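Visitor:
2 protein chains.
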Amino acid sequence: MSSSHLLVNSEDLRRYVEDLYYIGYGFKKEHAEIVADVLLAADLRGVDSHGVQRLVWYDDYIEKGLFNTNPNIKITTETLSTANIDGDNGLGMVVSKFAMELTIKKAKECGTGLVSVGNSNHYGIAAYYSMMALKEDMIGISMTNVMPIAAPTHGRERMLGTNPLSFAIPAKTEEPFVLDMATTAVAAGKLEVAAREEREVPKGVVLDKDGNVSTNPNSLKEGGALVMLGGESYELGGHKGYGLATLVNALSGALSGSIFGINPSDAQIFENPAVKPMNIGHFFGAFQIEGFRKKDEVLDSMDGMLRSLKDSKPAPGYEKVYVAGEKEFEVEKERLKNGIPLHISTVKELINFAQKYKINHDFLALAED
Amino acid sequence: MSSSHLLVNSEDLRRYVEDLYYIGYGFKKEHAEIVADVLLAADLRGVDSHGVQRLVWYDDYIEKGLFNTNPNIKITTETLSTANIDGDNGLGMVVSKFAMELTIKKAKECGTGLVSVGNSNHYGIAAYYSMMALKEDMIGISMTNVMPIAAPTHGRERMLGTNPLSFAIPAKTEEPFVLDMATTAVAAGKLEVAAREEREVPKGVVLDKDGNVSTNPNSLKEGGALVMLGGESYELGGHKGYGLATLVNALSGALSGSIFGINPSDAQIFENPAVKPMNIGHFFGAFQIEGFRKKDEVLDSMDGMLRSLKDSKPAPGYEKVYVAGEKEFEVEKERLKNGIPLHISTVKELINFAQKYKINHDFLALAED
Chain A
1 MSSSHLLVNS EDLRRYVEDL YYIGYGFKKE HAEIVADVLL AADLRGVDSH
51 GVQRLVWYDD YIEKGLFNTN PNIKITTETL STANIDGDNG LGMVVSKFAM
101 ELTIKKAKEC GTGLVSVGNS NHYGIAAYYS MMALKEDMIG ISMTNVMPIA
151 APTHGRERML GTNPLSFAIP AKTEEPFVLD MATTAVAAGK LEVAAREERE
201 VPKGVVLDKD GNVSTNPNSL KEGGALVMLG GESYELGGHK GYGLATLVNA
251 LSGALSGSIF GINPSDAQIF ENPAVKPMNI GHFFGAFQIE GFRKKDEVLD
301 SMDGMLRSLK DSKPAPGYEK VYVAGEKEFE VEKERLKNGI PLHISTVKEL
351 INFAQKYKIN HDFLALAED
Chain B
370 MSSSHLLVNS EDLRRYVEDL YYIGYGFKKE HAEIVADVLL AADLRGVDSH
420 GVQRLVWYDD YIEKGLFNTN PNIKITTETL STANIDGDNG LGMVVSKFAM
470 ELTIKKAKEC GTGLVSVGNS NHYGIAAYYS MMALKEDMIG ISMTNVMPIA
520 APTHGRERML GTNPLSFAIP AKTEEPFVLD MATTAVAAGK LEVAAREERE
570 VPKGVVLDKD GNVSTNPNSL KEGGALVMLG GESYELGGHK GYGLATLVNA
620 LSGALSGSIF GINPSDAQIF ENPAVKPMNI GHFFGAFQIE GFRKKDEVLD
670 SMDGMLRSLK DSKPAPGYEK VYVAGEKEFE VEKERLKNGI PLHISTVKEL
720 INFAQKYKIN HDFLALAED
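For the record, the sequence lines run as chains A and B.
FYI, the numbering used here numbers position 215 of the first sequence as 215, with every residue one higher than the one before it.
FYI, the numbering used here numbers position 351 of the second sequence as 720, with every residue one higher than the one before it.
1. Is the stretch 545-557 of chain B touching the stretch 525-537 of chain B, taking contact as three or more C-beta pairs under 8 Å?
2. Distance cutoff 7 Å, beta carbons only. Does Pro148 (chain A) sit that close to anything in chain B?
3. Please return the same chain residues whose Cβ sits closer than 7 Å to the Cβ of Asn488 (chain B), not counting the five positions on each side in sequence.
4. So with Cβ pairs under 7 Å, would you call Met159 (chain A) a contact of chain B?
5. Taking all protein chains shown into account, decide if Ile442 (chain B) is buried (16 or more other Cβ within 10 angstroms of its Cβ) or exposed.
6. One question on the structure: do Gly111 (chain A) and Ser450 (chain B) come within less than 7 Å of each other, judged by their Cβ atoms?
7. Under 6 Å: does the beta carbon of Asn9 (chain A) sit that close to some heavy atom of the ligand FMN?
8. Among B:Asn618, B:Pro685, B:Gly524, whose alpha-carbon lies nearest the alpha-carbon of Lys320 (chain A)?
9. Among the candidates A:Val347, A:Gly241, A:Val227, A:Gly92, whose CA atom is the shortest distance from the CA of Leu7 (chain A)?
10. For Val56 (chain A), which option in A:Asp362, A:Thr79, A:Ala365, A:Ile351 has the closest C-alpha, if you only look at C-alpha atoms?
11. State buried or exposed for Thr446 (chain B), treating a residue as buried only when at least 16 other CB atoms are found within 10 Å of its CB.
12. Could you confirm whether any beta carbon from chain B is found closer than 7 Å to the beta carbon of Ser402 (chain A)?
13. Could you tell me whether any Cβ in chain B is nearer than 7 Å to the Cβ of Pro164 (chain A)?
14. Under 9 Å Cβ-Cβ, which residues of chain A neighbour Asn453 (chain B)?
15. Distance cutoff 7 Å, beta carbons only. Does Gly395 (chain B) sit that close to anything in chain A?
16. Please state the DSSP three-state secondary structure of Glu18 (chain A).
17. Given this structure, state the Cα-to-Cα distance separating Leu336 (chain A) from Leu40 (chain A), to the nearest angstrom.
18. Chain A beta carbons: is any one of them nearer than 7 Å to that of Ile444 (chain B)?
19. Determine the burial state of Val193 (chain A): buried for a count of at least 16 other Cβ atoms within 10 Å of its Cβ, exposed for fewer.
20. In chain order, what residues of the stretch 558-587 of chain B put their CB closer than 8 Å to some CB of chain A?
21. DSSP three-state call for Gly456 (chain B): helix, strand or coil?
22. Going by other Cβ atoms of all chains shown within 10 Å of its Cβ, with 16 needed for buried, is Lys108 (chain A) buried or exposed?
23. Counting only the same chain and skipping the five closest in sequence on each side, list residues whose C-beta sits under 8 Å from that of Glu349 (chain A).
24. Distance, Cα to Cα, Asp738 (chain B) vs Glu402 (chain B)?
25. Flag this pair as yes or no: are the beta carbons of Ala655 (chain B) and Gly482 (chain B) separated by less than 7 Å?
26. Take Gly708 (chain B) and list the residues in its own chain whose beta-carbon comes closer than 8 Å to its own, dropping the five residues that flank it on each side.
27. Mapping the DSSP letters down to three states, classify Ser583 (chain B) as helix, strand or coil.
28. Using only alpha-carbon positions, find the residue among A:His5, A:Val186, A:Asn218 that is nearest to His608 (chain B).
29. Comparing C-alpha positions only, which one of A:Asp300, A:Ser256, A:Leu229, A:Gly231 sits nearest to Gly622 (chain B)?
30. Beta-carbon of Ile494 (chain B) versus every beta-carbon of chain A: anything under 7 Å?
31. Please state whether DSSP places Ala367 (chain A) in a helix, a strand or coil.
32. Does any C-beta atom of chain A lie closer than 7 Å to the C-beta of Gly606 (chain B)?
33. By alpha-carbon positions, which one of A:Asn70, A:Glu63, A:Ile139 ends up nearest to Met100 (chain A)?
34. So what does DSSP say about Asn618 (chain B), is it helix, strand or coil?
35. Verify the CB distance criterion: does Thr79 (chain A) have a CB-CB separation below 7 Å to chain B?
36. With DSSP as the reference, please indicate the residues paired to Pro683 (chain B) in a beta bridge.
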């Protein structure tokens, strides 16, 4: 960790976020706790881009009145195993926790729960919700559309988001399998880092504003588009990443009615959030393992598969083969013990909010020197 | 179409496959019809590698007694919305048609059906089963593990198959969205074509037997491994393709008990099919659109999304943006009208079978000249 970071205890940081949302913004206490839990999960798992760094972005929305801070979340359709939820423009974390709880409840009742959600907002890390199912020894699914920033294969316009999807599957003695992936080759944050470090990016990551393959990390900012997982052509399978991004938009958006990409002006929402609420859609799933085979046998099979992958021979130049989620569990253990490294610029923003809303921030004291 | 191909009427070809399986191999009539329907769907959709070309491969298995030609397919576990099926080592298409019908039945009853299948075999194109749901205006899911041939990210051993997944979602006036993708960058067939044409393959497709990045199309044959969608490193997202392949193996294999990758000798099954039956696993899903929002509204949203993607501006050098499944629907229309082009080597094999099993093959007459 460089000297540009402050190590912060995760429980202090959790309390801070709860205070900011409960005392500062006036959310219900239980909603503030959800926001803190989702953001802390990201920071603990090493997904810093989706942790407390985001507070500034959310603050902007709340200040402008674009989020409903006390949403009336409603179930609009329901069958034994499925439902659709209207998030009433609430904060994505609050709406999504409610939705995933309903999903799990349905899975308990009939084996499977599938719930689409509309009229919501950015929900943080996808894996938070899929992993909720793990506590019940269920398989969990979570996905969301986000503002269009990526071009379809052979296209040049921003038509789809990074549209992440997550699957979480329990194991017995191994850590669970937790896949949480954007359907673009990389997320926008990688380009920002490269731009700051004045590095080129590899081909297959971004197009310039005219739709040409680019290695300039500023191309996205200058009106370009992200490239789908698999690259900008069919040759290495770019149409597969594009297909997955479309799938996520269909399940999160078409089912719930919160779809991006129909209207070109959707893209303007992100560029100018003051235009209107984001109207993001999500899709959640949960299913009981016992609905297929004895739980013990399935978990043994998961252990065997994960172990054989981790024990397989690495390619030249690499020390080991990882499975999805493994690195994040390692980071979580380390950060729970040693603290979460916050960039000084983030620390300063947190202090600003604390002073503005008169909440305790003693644990950030060192950085004020 | 080159002169090395014969154009064959699809109904003639269907009758031929039915006769081969019913008269030739002694399958039940309805099972022979299923095999013909799945293979013809592949040939009509332009997925030639999974069409009647495969008859030779299947024949080898049937001759060696490795498939059960009259399987007793059993439901071993069942809840309102889920089930597991033991395929009794039947042909993958026969087992899978049964499984997807059960999946759809469950979705009709409670909104969702999810069915895992073990003790099965190669099932043809994944999209055949997901598309069965379209006829009911449902969303369909299909995936399968296959013999290990691809290395995990930063790995060098063959640990996972090309593990395809398919999602089919209906639209109103547009053709349905049909995603059907291997989770490796390319399928093995692409390397065979490049080897025949003495072309190098791009980086990001195959590793040599020592785990090094290779551009030699023969590397796979020489003991190498396919690369996951996104490439051999984390840089362009190879861990995402790897994560998806693992997911498919978990849902198809760990749930059903037919998992590849636990035991290194699993890999030998493909190299030496005489060792034992393949014990492949599948996973199927179906869900009612009405379980989320009014069908009409969802289909309108799908139309809007698909149309906006197809109408979006192409990148320089390209004429149009396609959506998943669109090209296959175009090929199908064309081939239903003009016939299916069969390579002369395939035609000769079909004639051999016909003579051996004394079935009608007049429609292949031209090629005998």
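Glycine included, every Cβ here is placed at the ideal spot set by N, Cα and C.
Please read these numbers as outputs of a predicted model, since none were measured by experiment.
Guide: Result, derived from the coordinates:
1. Result yes; three or more Cβ-Cβ pairs closer than 8 Å.
2. No, because no Cβ of chain B sits closer than 7 Å to the Cβ of Pro148 (chain A).
3. Answer for Asn488 (chain B): Asp455, Gly456, Asp457, Asn458, Ser627, Asn648, listed in chain order.
4. Using a CB distance cut-off of 7 Å, Met159 (chain A) counts as an interface residue toward chain B.
5. The residue is buried, with at least 16 neighbouring Cβ atoms inside 10 Å.
6. Between Gly111 (chain A) and Ser450 (chain B), the gap from beta carbon to beta carbon is short of 7 Å.
7. Only the bare structure without any ligand can be found here, which leaves the ligand FMN out of the picture.
8. For Lys320 (chain A), the nearest C-alpha among the options comes from B:Gly524.
9. Looking at the Cα atoms, A:Val347 is the closest of the given residues.
10. Restricting attention to A:Asp362, A:Thr79, A:Ala365, A:Ile351, the CA atom closest to the CA of Val56 (chain A) is found in A:Ile351.
11. The residue is buried, with at least 16 neighbouring Cβ atoms inside 10 Å.
12. As displayed, chain A neither begins before 1 nor continues past 369, which places residue 402 (chain A) out of reach and without an answer.
13. Not closer than 7 Å to any Cβ of chain B, the Cβ of Pro164 (chain A) fails to qualify, so no.
14. The answer, in chain order, is Gly291, Phe292, Arg293.
15. No, Gly395 (chain B) does not count as interfacial toward chain A.
16. Glu18 (chain A): helix per DSSP, three-state reduction.
17. Those two C-alpha atoms are separated by around 11 Å.
18. Chain A, which has no Cβ nearer than 7 Å to the Cβ of Ile444 (chain B), makes this no.
19. If you draw a 10 Å sphere on the C-beta of Val193 (chain A), you find fewer than 16 other C-beta atoms in it, and that means exposed.
20. Among the residues of the stretch 558-587 of chain B, those with a Cβ less than 8 Å away from any Cβ of chain A are Pro571, Gly573, Val574, Leu576, Asp579, Gly580, Asn581, in the order of the chain.
21. Of the three classes helix, strand and coil, the one that applies to Gly456 (chain B) here is coil, per DSSP.
22. Residue environment: Lys108 (chain A) is assigned as exposed (fewer than 16 neighbouring CB atoms within 10 Å of its CB, all protein chains considered).
23. Its chain contains Leu55, Val56 as the residues whose beta carbon lies nearer than 8 Å to that of Glu349 (chain A), once the 5 sequence neighbours on both sides are disregarded; these appear in chain order.
24. Model confidence at Asp738 (chain B) stands at a pLDDT of 44, short of 50, so the residue's coordinates are unreliable; what they give is reported in the following sentence. A direct Cα-Cα distance of roughly 30 Å separates Asp738 (chain B) from Glu402 (chain B).
25. In this structure, Gly482 (chain B) lies closer than 7 Å to Ala655 (chain B) by Cβ.
26. Cβ neighbours of Gly708 (chain B) beyond the five flanking positions: Leu376, Val377, Asn378, Ser379.
27. In the structure shown, Ser583 (chain B) falls within a strand segment according to DSSP collapsed to helix, strand and coil.
28. When each option's Cα is compared against that of His608 (chain B), the closest is A:Val186.
29. Nearest option by C-alpha distance: A:Asp300.
30. The Cβ of Ile494 (chain B) sits no closer than 7 Å to any Cβ of chain A.
31. Residue placement at Ala367 (chain A) cannot be trusted, given a pLDDT of 45 that sits under 50; what the coordinates show is reported in the next sentence. Helix.
32. At least one CB of chain A lies nearer than 7 Å to the CB of Gly606 (chain B).
33. Comparing Cα positions, the closest option is A:Ile139.
34. If DSSP states are grouped into helix, strand and coil, Asn618 (chain B) belongs with the helices.
35. It does: the Cβ of Thr79 (chain A) has a partner Cβ on chain B nearer than 7 Å.
36. DSSP lists A:Gly155 as partners of Pro683 (chain B).
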